[in-house]
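J.: Just so we're aligned, residue 149 is where the sequence shown starts under my numbering, counting upward by one.
C-beta atoms are modelled at their ideal positions from N, C-alpha and C, and glycine is treated no differently.
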Amino acid sequence: MAVSRASSRQPSAQLSDFSGDTATAEGLAPSLQRADAAGDAMRSMRWNARGFTLIELMIVVAIIGVLVSIAVPLYANVTARSRIAKAQADIRSLVTAVSLFQSHMSTYPIALGNLTAVATNPAGITAGPFMGSIPTPPSTSWGPAYAYATNANGTFLISAAGDGVTVTAP
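Right, here's the structure in full:
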């Protein structure tokens with residue numbers, strides 16, 4: 149009994165290229181068969197992966213909104229604390245300059261502006277300036293300048309108010 153080769157074959161799969169020509173899978177080398185199968189998989193992936201859906205974008209926007217709603221108050225708190233710290237440091241330097249002025253001149257300055265000028269004490273000794281410049285308040289909410297007052301009992305007070313806080317010294 150003779151069996152012909154044509155009848156013993158399994159039906160062959162048809163592969164298509166982009167030109168419309170078809171070739172049998174048996175006629176291709178194994179590496180080309182794998183490449184064509186990978187190409188089909190890539191084409192189907194590209195078709196399905198076109199971009200983000202509206203729901204995905206809305207979720208991302210919602211997450212960003214939550215993060216911003218947490219970060220903005222924290223940032224405002226940090227900036228307010230930094231303004232308070234600057235006012236405290238400025239007042240400490242003013243207290244040091246006023247004390248230095250008092251030790252050289254045997255009296256307190258009439259105004260904070262006197263700390264930046266050269267002055268002569270009652271003994272005729274010239275001293276100063278005790279500061280290069282008067283510090284400016286941390287922001288416009290702190291008022292135009294630091295307040296300075298002397299008392300009859302020989303003490304002084306320097307203060308500034310802003311951000312719901314009043315900083316005074318000594």
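What did DSSP end up calling residue 256 once you bin it into helix, strand or coil?
T.: coil
J.: From the DSSP secondary-structure annotation, give me the bridge partner or partners of residue 267.
T.: 275
J.: With 16 other CB atoms within 10 Å as the buried threshold, where does residue 257 fall?
T.: buried
J.: When you compare the CB positions of residue 307 and residue 293, do they come within less than 8 Å of one another, or not?
T.: Going by C-beta atoms, residue 307 is not nearer than 8 Å to residue 293.
J.: Applying the 10 Å Cβ sphere with the 16-neighbour rule, what's the burial state of residue 245?
T.: A buried status is given to residue 245, since no fewer than 16 other beta-carbon atoms sit within 10 Å of its beta-carbon.
J.: Which of helix, strand or coil does DSSP assign to residue 295?
T.: strand
J.: In the DSSP assignment, find the unbroken beta strand (DSSP E) run with residue 308 in it and report its ends.
T.: 304-310
J.: Is the CB-CB distance between residue 399 and residue 315 below 8 Å?
T.: Given a span of 149 to 318 for the chain in the structure shown, any question on residue 399 remains unanswerable.
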